[in-house]
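Here is the structure we will look at.
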Amino acid sequence: MVFKSFRIQISLRVILLAITLVLVVVLYENDAYFVSSVILAILFILQLVSLIRYTEQTNRKLVKLFESIRFTDFTTRFTDNDLGKSFEDLNKEFNLVIDAFNKNKTEKEEHFNYLLTVIQHVSIGILVYKRDGSVDVYNNAVKKLFQISTLRSISDLETVSPELPEVLLNMRSGEKELVKLYIEDELIQLSLNATQFKMRGEEFLLVSFQDINPELEQKEIESWQKLIRVLTHEIMNSITPISSLAATVSDIIQDTRENNPPRKKEDIESLDDVAHAINTIEKRSKGLLNFVEIYRNLTRIPKPTFRYFEVKEMIDRALELLSKNVKECNVKVKSKILPSELKILADPDLIDQVIINLLLNAIDAVKGSENPEISITASVNLNNRVTIEISDN
């Protein structure tokens with residue numbers, strides 16, 4: 003309909019031009035109508051200019067439409083409907099095209115924001131970068147993991163680990179890497195998975211970072227507990243009969259001494275030697291059983307009862323219990339707690355045993371040395387975790 007109306011308008015204008023041109027030629031040949039022919043010639047020129055402007059109006063609208071699409075400026079509207087029904091319909095179609103592009107752009111932006119929200123929400127670190135090392139996207143998990151606020155290039159990760167940028171730049175699609183990092187004196191074992199894709203004609207690499215240290219520690223503890231259970235079971239099954247037999251033989255020797263003592267000196271000495279050997283075997287067997295029982299208890303750690311309490315109270319309790327050891331070894335103990343009212347969430351009984359064991363180890367280490375000294379420091383690190391350090395000189 004639009005093009006049909008346009009053809010009619012052009013046809014009428016061409017016909018008028020033809021009629022005007024014929025009249026100009028006819029009147030020009032008659033001197034009496036020279037002025038009229040000049041006026042008609044001017045009218046012909048005006049009609050020709052009007053025709054050109056009319057035909058170029060569509061081209062100008064097309065250029066305006068394409069520029070709006072090119073520069074994604076979908077606020078442009080075509081509203082000049084004073085050129086007739088054909089241009090009114092053309093404007094309507096142009097506006098519909100712009101609305102369609104605008105809708106498509108809005109949907110893409112909404113989808114992008116949706117994906118970005120999902121990426122920022124996941125707990126696994128996500129990093130997208132080009133082959134030249136420039137970073138395109140990274141989520142909050144990456145910032146938290148590496149303790150950074152901004153990341154523009156892979157080389158910026160050298161402050162975290164000098165080897166990490168090289169590992170990332172050398173990764174290929176489908177590859178997996180295991181990287182160990184020390185952040186704030188805390189070991190972090192990262193599992194890296196890489197996926198390559200193309201976007202805007204450029205190659206990108208998406209790498210996910212997952213801290214698997216807690217899972218590895220849990221598996222290691224479970225493995226040790228299983229091993230200890232097996233070993234203690236086998237050792238106790240072997241030692242218990244020996245201890246029992248040694249006790250039985252010891253009782254037999256004692257009965258022999260009381261009821262039928264040997265008369266010869268050699269027999270008495272031999273019997274004493276056997277008794278001594280049997281007693282030694284019995285004591286060592288019981289000692290081994292106690293030793294194994296201690297390790298057996300590692301697999302039966304009681305369920306902790308967590309509560310908040312001050313670190314200072316815990317340190318004071320441990321030092322009070324070990325005051326005799328400290329005095330005997332003439333050890334100087336210094337403690338520094340920042341802040342002084344620092345609290346931790348733990349089981350007091352279990353954590354007390356840990357601190358006592360560490361202090362005992364430190365006392366044993368400085369025993370006999372000149373000016374023995376033990377330092378106890380408690381503070382909050384950059385990971386917002388309470389750190390307790392016990393060191394000796």
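In the working numbering, the protein residues as written are 3 to 395. Backbone N, C-alpha and C define an ideal beta-carbon position, used for all residues, glycine too. Every value quoted in this text rests on a predicted model; they were computed, and no experiment measured them.
C-beta contact flag for residue i and residue j at 8 Å
i, j, result
"Val16", "Ala43", "no"
"Val333", "Ile365", "yes"
"Val130", "Leu50", "no"
"Ile156", "Gly135", "yes"
"Leu347", "Val313", "no"
"Leu19", "Phe36", "no"
Opposing strand residues paired with residue i [DSSP bridges]
i, result
"Phe211", "Gly127, Leu194"
"Thr242", "Its beta-bridge partners do not exist; DSSP assigns none."
"Met201", "Glu204"
"Ile346", "Phe311"
"Ala380", "Ile339, Ile390"
"Val139", "Val130"
"Thr328", "According to the sequence provided, residue 328 is Val. The question's Thr does not apply to it. Paired residues: none, contrary to the question."
"Lys334", "Glu375"
Of the listed residues the options, nearest to residue i (C-alpha basis)
i, options, result
"Glu61", "Asn215, Val382, Asn93, Ala367", "Reading off the sequence, residue 61 comes out as Asn, not Glu. Of the candidates Asn215, Val382, Asn93, Ala367, the one whose C-alpha sits nearest the C-alpha of Asn61 is Asn93."
"Val99", "Thr74, Asp213, Asn115, His123", "Thr74"
"Glu90", "Ser342, Phe68, Glu160, Lys63", "Lys63"
"Val181", "Arg174, Asn195, Lys110", "Asn195"
"Asp394", "Leu159, Lys369, Leu347, Arg387", "Lys369"
"Val28", "Thr119, Lys66, Ser39", "Ser39"
"Asn97", "Lys66, Lys285, Lys221, Thr119", "Lys66"
"Asn115", "Arg133, Val139, Phe103, Lys132", "Val139"
"Val137", "Leu170, Lys110, Val124, Glu111", "Leu170"
"Leu340", "Ser325, Asn386, Glu372, Leu183", "Asn386"
"Lys338", "Val276, Ala380, Lys285", "Ala380"
"Leu166", "Pro216, Leu118, Ser193, Glu188", "Ser193"
Residue i, buried or exposed, once every other Cβ within 10 Å from all chains shown has been counted against 16
i, result
"Met201", "exposed"
"Ile376", "buried"
"Ile378", "buried"
"Thr22", "buried"
"Phe148", "buried"
"Ile317", "buried"
"Val232", "exposed"
"Glu322", "exposed"
"Gly203", "exposed"
"Glu224", "exposed"
"Ile54", "exposed"
"Pro374", "buried"
"Ile392", "buried"
"Ala143", "buried"
Collapsed DSSP secondary structure at residue i in the structure displayed
i, result
"Ile280", "helix"
"Thr389", "strand"
"Arg15", "helix"
"Asp158", "helix"
"Phe308", "coil"
"Ser371", "coil"
"Thr77", "coil"
"Ile353", "helix"
"Val54", "The identity of residue 54 in the sequence shown is Ile, whereas the question assumes Val. Helix."
"Ile185", "strand"
"Glu179", "strand"
"Ser163", "coil"
"Ile150", "coil"
"Met173", "coil"
Any non-hydrogen atom of the ligand FMN within 7 Å of residue i CB
i, result
"Val209", "The ligand FMN is not part of the structure shown, which contains no ligands of any sort."
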